[in-house]
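Data first, discussion second: the structure below is written as structure tokens.
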Amino acid sequence: MTPRPHHPTPVAVSFRASCSFLLAAALAAAPLAPAPLAGQPFPPPSDSVTSAIMHRLSVLAADSMEGRRTGTPGSARARAYLVQQLTAIGVRPVGASFEHPFRFRARGAAAADSMAGVNLVARIPGRSGSGRALVLSAHYDHLGVRNGEIFNGADDDASGCVALLTVAERLMRTPPQHDVVLVFFDAEEMGLQGARAFVSAPPIPLESIAANINLDMVARQDAGALWVAGTSHYPFLKPLAEAAAAASKVTVRFGHDTRDLKPGDDWTGSSDHGAFHAKGIPFLYLGVEDHPDYHQPGDDVDKVDPAFYRRSVEFAAALVRQLDGALGTIRR
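Listed below in structure tokens is the structure:
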């Protein structure tokens, strides 16, 4: 998640290398199966679904990804891993490739300086052929390496990316009624740059997007609840989220989306959904409240409770089904 105002936040290089080489390097450096983690305070996964979720998280948040900072070899390795996973699931790219490059000027950079980022965009076709689409998003970038310490960003936001992969598998087995577009955004930590590029030069018509569900930090159970933001802006979405929550095993709370909150507690523009909201596209944002490892090098897989994370993923999957069933009625 991009820095919230009340939390201080502790040279781009070329990443044009072959996807297969980068993926091989990533997998060679990452464990092939989740290894026991030193000091792990939570019981290990007891079922194959949770084990698969945690395995993906352990790969995407491994030291070999070097914190996934935009424009670095670690970012390219993470992107190659995600492309490999999407291909294995059977999801098709939007356009000729999953990769959608863009350029941007980072905050504080000189006007003549720009950086390169790459979004990943895929589509799962709906059965109805309505032309309406639900965009499901997460960001794969994080803070990289600082002062010799790797900021792995297991919760922020490897957790959202792995949730998208899990939901995609289920949608491929039981296709949705409407198109679901999966977007893995780059450069969120640099000011929602990937999302801004997506809505500025959309690979699908903006008018076809009925809503955005954005996942950013959905794995940590420090406060014991998963929050849904956006319903005060788009109250017609709340009954759908409540229906998904009613059958969920995770505690779901609504809020963090009104201007009367203290600085930093209104999450309306704090992650990639903000770019959709600015275009008048309804959104629901799923995330946990800040924890001690937010934007710190301690945001590692061993801090994630597999049971809580699995419940969060299940809620996200149920929410996608709820919105998909009502997508034809959502007008903006």
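Residues in the sequence shown are numbered consecutively from 1326, following this note's numbering. Where is the CB? At the ideal position from N, CA and C, for every residue including glycine.
For ASN1444, the number of other beta carbons within 10 angstroms of its own is at least 16, and it is reported as buried. Excluding the 5 residues flanking it on each side, MET1515 has same chain C-beta neighbours closer than 7 Å at THR1395, ALA1431, ARG1432, in chain order.
Within the stretch 1586-1620, the complete alpha helix (DSSP H) runs of at least 4 residues fall at 1598-1603.
If the five residues before and after SER1376 are omitted, its C-beta is found closer than 6 Å to the C-beta atoms of PRO1370, all from its own chain and listed in chain order. With fewer than 16 neighbouring CB atoms inside 10 Å of its own CB, THR1499 falls in the exposed class. In the three-state reduction of the DSSP assignment, ALA1463 falls in the strand class, which pools E and B. The Cβ-Cβ distance between ASP1541 and MET1326 falls below 8 Å.
LEU1609 is a Cβ neighbour of VAL1553, given a cutoff of 8 Å. Around VAL1416, the same chain offers ALA1447, ARG1448, ILE1449, ALA1493, MET1497, LEU1507 as residues with beta carbons nearer than 8 Å, after the five sequence neighbours per side are excluded.
Excluding the 5 residues flanking it on each side, PRO1368 has no same chain C-beta neighbour closer than 6 Å. It is roughly 20 Å from the alpha-carbon of GLY1589 to the alpha-carbon of GLY1549.
Out of ARG1404, GLN1410, TYR1634, the CA that lies nearest to the CA of GLU1424 is found in ARG1404. Contact between the stretch 1650-1657 and the stretch 1531-1538 is present: 3 or more CB-CB pairs across the two stretches fall below 8 Å. Judged by DSSP in its simplified three-state form, PHE1367 adopts coil rather than helix or strand. Counted as a single uninterrupted DSSP element, the alpha helix (DSSP H) harbouring GLY1519 occupies residues 1518-1525. Judged by DSSP in its simplified three-state form, VAL1443 adopts strand. Three or more beta-carbon pairs drawn from the stretch 1479-1495 and the stretch 1608-1624 are found closer than 8 Å, and the two stretches are therefore classed as touching.
Looking at the backbone, the Cα of SER1422 and that of ARG1584 are separated by about 40 Å. Residue nearest to GLY1469 within the set GLU1391, SER1439, GLY1650, ALA1566 is GLU1391 (criterion: CA-CA distance). Collapsing the DSSP output to three states places VAL1575 in coil. In the displayed model, GLY1399 falls within a helix according to three-state DSSP.
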